[in-house]
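The numbering of the sequence shown is the working numbering, which starts it at 98 and goes up by one. As structure tokens, the structure follows; a few thoughts come after it.
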Amino acid sequence: MISRRAVLLGAGAAALGARAWAQTTKKPLRIVVPFPAGGGTDVLARIVAEKLKDNYAPAVILENKVGASGRTGVEAVKNADPDGTTLLFTPDFLMTVYPHSFKKLSYDPLADFIPVQLVARSGLALAAGPALPAEVKTVREYVDWVRANPTKSHYATTSAGGTPHFVGVMLARDAKLELSPVHYKGGAPALQDLIGGQIPVSVNPISELLPYAGARIRVLAVTAPQRSRYLPDVPTMAESGFPDIVINPWLGFFAPARTPADVVKRLANGIADACAFGDSQRSFIKMGMEPVAMTPGGFKAVLQEDLERWGPIVKASGFTAED
């Protein structure tokens, strides 16, 4: 469904931006976010959209097109006209994990889309709420607690078959214990239940956890290759004794296949410029995001590498997502 909070982000543009956009189309730019309003993906998309409106496009429409664990929004962009007027903004797992976890997927990340611009990376973290005893402060202690309390082995994820889900799958594999995922429709409801004590732990992007870290939740470990500058006292999963759990997710823009190369280049440059503004950078940092920018070719290489990496992980887990 399309969220009722789909917004028109501005009806005008700066003169230079309007001229640049007019070379491509006179239509507004539509950005589809496949998750609900208020989550980290949505907030980041709005930051970029505001700058695209001011400096690139005459108008930007942001749609929260949710459903089917994010696939509804992806499919909508796949079927859009390849004229540079519709973009998908998504976390990586819809493009890197879903192709391996769903038996039947109605899109192919490489055949049906063109990677336009990688915007940011946001490491994941394993966080504990009040349902986990306060004396449990490390991942190893959490593993021991689950062994002693097997009926409390459930953990929250932001969607079935996404990278947060597979952090739990990989932890269960490496620790040789059972963990039961509870799949939510986005990070906000998962955190609500974590803070409310309905579930002991949750795997979320760091950006979603920062507003609550230290006060209402405690972060046990991060999944990035190195500690987060936003949580410098929190160890990595590798430091916590799980060296194979190294995941550094990204978020990026995609255009429908067959979008002309010159349009893709113009979009990539416009998005990079939007992200380079000082207030955009400050917003990224405040959210716990690490800003990134590269060429469409560089982004495609990242996508291909991650697609290859996740195949064996998903296969070894035995997980198959339900339609």
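Ideal Cβ placement from N, Cα and C applies to all residues, glycine included.
From residue 128 to residue 350, what distance separates their C-alpha atoms? For this step, residue 128 is matched to residue 31 along the sequence shown. For this step, residue 350 is matched to residue 253 along the sequence shown. The straight-line gap from Cα to Cα measures roughly 9 Å.
Closest Cα partner of residue 210 within the set 185, 218, 232 and 198: Here residue 210 refers to the residue found at position 113 of the sequence shown. Among 185, 218, 232 and 198, the Cα nearest to that of residue 210 belongs to 185.
Just grab the DSSP bridge partners of residue 319 for me. On the sequence shown, position 222 is the one that residue 319 refers to. 222 and 333.
If you compare alpha carbons, which of 243, 174 and 259 is closest to residue 345? Position 248 of the sequence shown, counted from the first residue, corresponds to residue 345. For residue 345, the closest alpha carbon among the candidates 243, 174 and 259 is that of 259.
Less than 9 Å between the beta carbons of residue 221 and residue 322, yes or no? Within the sequence shown, residue 221 is the residue found at index 124, counting from 1. Within the sequence shown, residue 322 is the residue found at index 225, counting from 1. Going by C-beta atoms, residue 221 is not nearer than 9 Å to residue 322.
Is the segment 159-174 in contact with the segment 130-140, if contact means three or more CB pairs nearer than 8 Å? yes
If we ignore side chains and look at the alpha-carbon of each, how far apart do residue 142 and residue 159 end up? Residue 142 sits at position 45 when you count from the first residue of the sequence shown. Residue 159 sits at position 62 when you count from the first residue of the sequence shown. Rounded to whole angstroms, residue 142 to residue 159 spans 8 Å at the Cα level.
Closer than 8 Å by C-beta to residue 292: which residues in its own chain qualify, once you throw out the five before and the five after it? Chain order, please. Residue 292 sits at position 195 when you count from the first residue of the sequence shown. Excluding its 5 nearest sequence neighbours in each direction, residue 292 has C-beta neighbours in its own chain below 8 Å: 226, 227, 309, 313 and 314, listed in chain order.
Is it buried or exposed, residue 417, if we count other Cβ atoms within 10 angstroms and call 16 or more buried? Counting from 1 along the sequence shown, the entry for residue 417 is found at position 320. Exposed, because fewer than 16 other Cβ atoms sit within 10 Å of the Cβ of residue 417.
Buried or exposed for residue 189, going by 16 or more other Cβ atoms inside 10 Å? Translated into positions along the sequence shown, residue 189 becomes position 92. So residue 189 ends up on the buried side.
Please return the same chain residues whose Cβ sits closer than 7 Å to the Cβ of residue 118, not counting the five positions on each side in sequence. Counting from one through the sequence shown, the residue named residue 118 turns up at place 21. Annotation note: pLDDT 44 at residue 118 (below 50); position unreliable, no value reported.
For the alpha helix (DSSP H) that residue 186 lies in, which residues bound it at each end? Counting from one through the sequence shown, the residue named residue 186 turns up at place 89. Segment 183-188 is the beta strand (DSSP E) holding residue 186; no alpha helix (DSSP H) there.
Work out the CA separation of residue 340 and residue 234 for me, nearest whole Å. The sequence position of residue 234 within the sequence shown is 137, counting from 1. The sequence position of residue 340 within the sequence shown is 243, counting from 1. Each residue's CA atom was taken as its position, placing residue 234 and residue 340 some 19 Å apart.
So residue 342 is in the beta strand (DSSP E); what residue range does that whole segment cover? Along the sequence shown, read from residue 1 onward, the residue named residue 342 stands at position 245. No beta strand (DSSP E) contains residue 342, which DSSP labels as neither H nor E.
Which ranges would you report for the alpha helix (DSSP H) in the segment 197-279 if only whole runs of at least 4 residues count? 236-245 and 260-272
Would you check if the distance between the CB atom of residue 377 and the CB atom of residue 237 is smaller than 9 Å? Reading the sequence shown from its first residue, position 280 is the one you call residue 377. Reading the sequence shown from its first residue, position 140 is the one you call residue 237. A distance of 9 Å or more separates the beta carbons of residue 377 and residue 237.
Tell whether a beta-carbon distance below 9 Å holds between residue 386 and residue 219. Counted from its first residue, the sequence shown places residue 386 at position 289. Counted from its first residue, the sequence shown places residue 219 at position 122. Going by C-beta atoms, residue 386 is nearer than 9 Å to residue 219.
Thinking C-beta only, is residue 342 closer than 9 Å to residue 214? In the sequence shown, counting from the first residue as 1, residue 214 sits at position 117. In the sequence shown, counting from the first residue as 1, residue 342 sits at position 245. No, the Cβ-Cβ distance between residue 214 and residue 342 is not below 9 Å.
Residues that residue 173 bridges to, as DSSP identifies them: Counting from one through the sequence shown, the residue named residue 173 turns up at place 76. Partner(s): none; residue 173 has no beta bridge.
Just the Cα atoms here: how many angstroms apart are residue 264 and residue 300? Here residue 264 is taken as the residue at index 167 of the sequence shown, counted from 1. Here residue 300 is taken as the residue at index 203 of the sequence shown, counted from 1. Roughly 7 Å separates the two Cα atoms.
How big is the Cα-Cα spacing for residue 298 and residue 404? Numbered from 1 along the sequence shown, position 201 holds the residue referred to as residue 298. Numbered from 1 along the sequence shown, position 307 holds the residue referred to as residue 404. Going from the Cα of residue 298 to the Cα of residue 404 covers about 27 Å.
Give me the DSSP bridge partner(s) of residue 310. Here residue 310 refers to the residue found at position 213 when the sequence shown is read from its first residue. Looking at the DSSP assignment, residue 310 forms a beta bridge with 314.
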